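So the structure is just underneath, and the comments pick up after that.
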Amino acid sequence: MKRQALASLHEVVNQDEKFVVVVMEVVEVIHPLVSFLDSQEMEVREEAARVLSVVAGFDSCRGVVIAWSAAAYR
């Protein structure tokens, strides 16, 4: 179910930049996405990485993704 949710989220953020802004306004979504990178399920890790890649592709969002990623691995 996580994989499906992440795939749907990737589809949404990939459609339009405004959806990336909406995702970033819900800052709590970045932390779970980063934590999914440690999932036991490869598909979950891949989908989380795809979403984070799209979000981090925007200069205005990149710093938040990097900050959460650094905090997760301290």
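The opening residue of the sequence shown carries number 1 in the working numbering; numbering runs sequentially from there.
C-beta atoms are modelled at their ideal positions from N, C-alpha and C, and glycine is treated no differently.
Note that this is a predicted model, so its numbers are computed, not measured.
Here's the rule: buried if 16 or more other CB atoms are within 10 angstroms of the residue's CB, otherwise exposed. What is residue i?
| i | result |
| --- | --- |
| Glu28 | exposed |
| Ile66 | exposed |
Using alpha carbons as the reference points, say which of the options lies closest to residue i.
| i | options | result |
| --- | --- | --- |
| Ala49 | Pro32, Leu37 and Ser69 | Leu37 |
| Phe58 | Met24, Arg45 and Val34 | Met24 |
| Val21 | Val34, Val54, Ala5 and Glu43 | Val54 |
| Ala70 | Arg45, Glu47 and Ile30 | Ile30 |
Ordered along the chain, which non-local residues of its own chain (more than five positions away) have a Cβ less than 8 Å from that of residue i?
| i | result |
| --- | --- |
| Glu41 | Lys2 and Arg3 |
| Glu17 | Phe58 |
| Phe19 | Val12 and Val13 |
Going by DSSP in three states, residue i sits in which element: helix, strand or coil?
| i | result |
| --- | --- |
| Glu47 | helix |
| Ser60 | helix |
| Gln40 | coil |
| Met1 | coil |
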